[in-house]
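Numbering (our numbering), first residue to last: 29 to 534.
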């Protein structure tokens with residue numbers, strides 16, 4: 029039986045991102061992927077949001093994606109919302125189909141020498157106190173410390189783990205296809221009593237991509253080219269001579285979320301943990317953020333530098349985010365209904381979102397830039413607004429020259445930044461951080477600009493910040509190390525044995 033520290037079921041964007049995070053941390057991770065080759069049928073999801081691009085930037089790989097996509101300075105919630113004034117380097121959605129996102133992520137993972145068991149499914153597993161036995165469809169078995177299900181909305185892992193998947197049944201279904209047409213179609217969107225429909229050109233060649241709202245909800249049966257033809261005729265009066273399809277599929281507004289993202293040694297991420305209609309383009313982006321939240325925590329637990337209980341924070345932090353994504357997509361589907369009352373509501377929403385404050389708040393949510401994890405003491409009056417939020421990518425002046433914060437995070441290691449006066453090696457405000465030196469980088473730098481957060485605005489400049497590998501701030505200092513020891517221990521484990529932690533200021 030082959031052994032790995034972590035086995036990931038599913039080699040889509042979430043599974044690939046998680047594998048990369050674990051490999052960066054030196055963890056023996058493997059992917060089990062049902063596809064026998066690298067080909068992905070259809071272009072699938074259509075872009076990366078600002079926070080997902082920031083995450084890729086934190087790992088030093090964003091340029092690989094940016095060089096192949098198109099930038100659009102808006103996000104969408106009912107209407108297009110401008111984000112060109114947001115305090116981030118990435119004030120745009122990157123238009124890039126999932127087949128390209130997969131390919132680029134796959135290249136990154138390949139460079140990290142992550143093994144992939146292709147052409148095989150996980151068919152079941154059994155977990156005990158020391159690990160998980162993973163059964164594969166070819167009769168082989170793998171042994172792992174932990175198993176992560178990144179295997180989509182019909183997740184075998186979730187079902188086998190007995191995790192409930194509550195939510196809402198579908199009320200609407202859409203046909204989606206990529207094919208060729210003999211006749212020139214009506215490009216763009218059309219709205220009628222059934223809903224919204226659209227036909228657009230794909231990036232290369234004569235192929236088109238179309239999305240058609242069905243008159244009745246259809247479930248279970250895979251659609252055919254005849255179904256596409258019939259739908260086109262009913263909507264446009266012609267099928268435009270559609271032929272040579274490369275991808276035909278159906279999606280609905282079914283909305284569900286796993287009741288638990290973890291059961292002992294089995295965890296879920298991406299669509300295995302939450303499914304929803306693709307309006308607003310949040311699914312792939314949410315899965316990537318799941319992976320980055322989980323990856324460093326799982327790595328520390330595998331290395332035994334942190335207790336197993338650290339994995340409980342994965343559910344505690346990401347489940348509320350998933351709940352909010354479900355709510356947002358349900359709201360957008362509701363606003364698309366063609367009846368007169370919904371149209372009146374939509375007009376009111378359009379008016380509301382034309383105002384600056386609502387635009388900023390909703391756009392920050394859609395961009396993934398306003399996420400704030402509850403790291404404890406959320407109601408404390410002296411809690412800095414940065415705690416739990418993503419760290420801005422500042423330009424720092426350091427002893428090693430000008431450095432971006434994100435460039436210091438390429439290795440997925442925690443980062444303790446001190447601003448202002450230089451500090452002695454291994455100490456911060458008289459606090460000895462050397463017991464965590466094998467886990468946490470200590471950097472002193474200066475930053476003279478304003479501190480601004482999306483949707484929040486300007487905040488006071490901190491004296492020091494502790495940044496987790498996922499880019500979220502775990503602690504903010506105001507000139508003293510108060511609370512730093514607790515934050516370091518909570519997120520990065522106990523100090524090395526024999527270290528006292530505290531030294532008197534010189």
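Every residue gets a Cβ at the ideal spot worked out from N, C-alpha and C, and that includes glycine. The structure presented is a predicted model; accordingly, all values stated were derived computationally and were not measured.
| Query | Result |
| --- | --- |
| Residue 372 (DSSP reduced to helix, strand or coil) | helix |
| Bridge-paired residues (DSSP) for residue 49 | Partner(s): none; residue 49 has no beta bridge. |
| Touching by the beta-carbon criterion (3+ pairs, under 8 Å), the region 102-110 and the region 385-397 | yes |
| The region 248-258 in contact with the region 218-229 per 3-pair CB rule at 8 Å | no |
| Secondary structure, alpha helix (DSSP H): runs of 4+ residues fully inside the region 481-532 | 512-520 |
| Of the residues 375, 469, 403, the one placed nearest residue 435, counting alpha carbons only | 469 |
| Distance, residue 268 Cα to residue 36 Cα | 43 Å |
| Expected contact under 8 Å - CB spacing of residue 445 and residue 484 to nearest Å | Between residue 484 and residue 445 the Cβ distance is about 19 Å, and since that is not below 8 Å, they are no contact. |
| Terminal residues of the beta strand (DSSP E) in which residue 386 lies | Element bounds for residue 386: not the beta strand (DSSP E) but the alpha helix (DSSP H), 384-395. |
| Residue 345, enclosing alpha helix (DSSP H) - first and last residue | 340-363 |
| Counted within 10 angstroms of its Cβ, other Cβ atoms place residue 351 as buried (16 or more) or exposed | exposed |
| Option in 282, 214, 186 with minimal Cα separation from residue 289 | 186 |
| Residue 155 - DSSP class collapsed to helix/strand/coil | strand |
| Integer Cβ distance of residue 116 from residue 163, believed to fall under 8 Å | Rounded, the Cβ-Cβ distance is 44 Å, inconsistent with contact. |
| Rounded separation between residue 214 and residue 287 - CA only | 43 Å |
| Stretch-stretch touch, CB-based, cutoff 8 Å, three pairs: the region 270-287 with the region 192-209 | yes |
| Chain-order list of residues whose beta-carbon lies under 8 Å from that of residue 109 (same chain, five-residue window excluded) | 102, 103, 381, 387, 390, 391, 394 |
| Close Cβ partners of residue 515 (< 6 Å) along its chain, the five nearest in sequence each way excluded | 494, 502, 503 |
| Straight-line Cα distance separating residue 80 from residue 191 | 27 Å |
| As assigned by DSSP and simplified to three states, the class of residue 209 | strand |
| Distance between beta carbons of residue 298 and residue 309, contact taken as under 8 Å | Rounded, the Cβ-Cβ distance is 14 Å, inconsistent with contact. |
| Host alpha helix (DSSP H) of residue 331 (start-end) | 311-331 |
| Close Cβ partners of residue 343 (< 7 Å) along its chain, the five nearest in sequence each way excluded | 288, 289, 290 |
| Beta carbon of residue 171 nearer than 8 Å to that of residue 159 | yes |
| Whole-angstrom distance between residue 346 and residue 42, CA atom to CA atom | 14 Å |
| Pairwise C-alpha distance: residue 429 and residue 377 | 48 Å |
| In DSSP terms, what residue 203 is bridged to | 240, 278 |
| Residue 254, DSSP secondary structure in three states | helix |
| Residue environment, residue 61, which counts as buried when at least 16 other CB atoms sit within 10 Å | buried |
| At least three beta-carbon pairs within less than 8 Å, the region 230-249 to the region 319-329 | no |
| Residue from 161, 271, 478, 135 with nearest C-alpha to residue 236 | 271 |
| Those residues which DSSP pairs with residue 36 across a bridge | 59, 176 |
| Where residue 111 falls, given that 16 or more other Cβ within 10 Å makes a residue buried | buried |
| Contact set for residue 506: own chain, Cβ-Cβ below 6 Å, skip 5 residues either direction | 491 |
| CA-to-CA distance, residue 52 to residue 374, given in whole angstroms | 46 Å |
| 8 Å Cβ shell around residue 263 - same chain, five flanking residues per side excluded | 218, 220, 222, 225, 240 |
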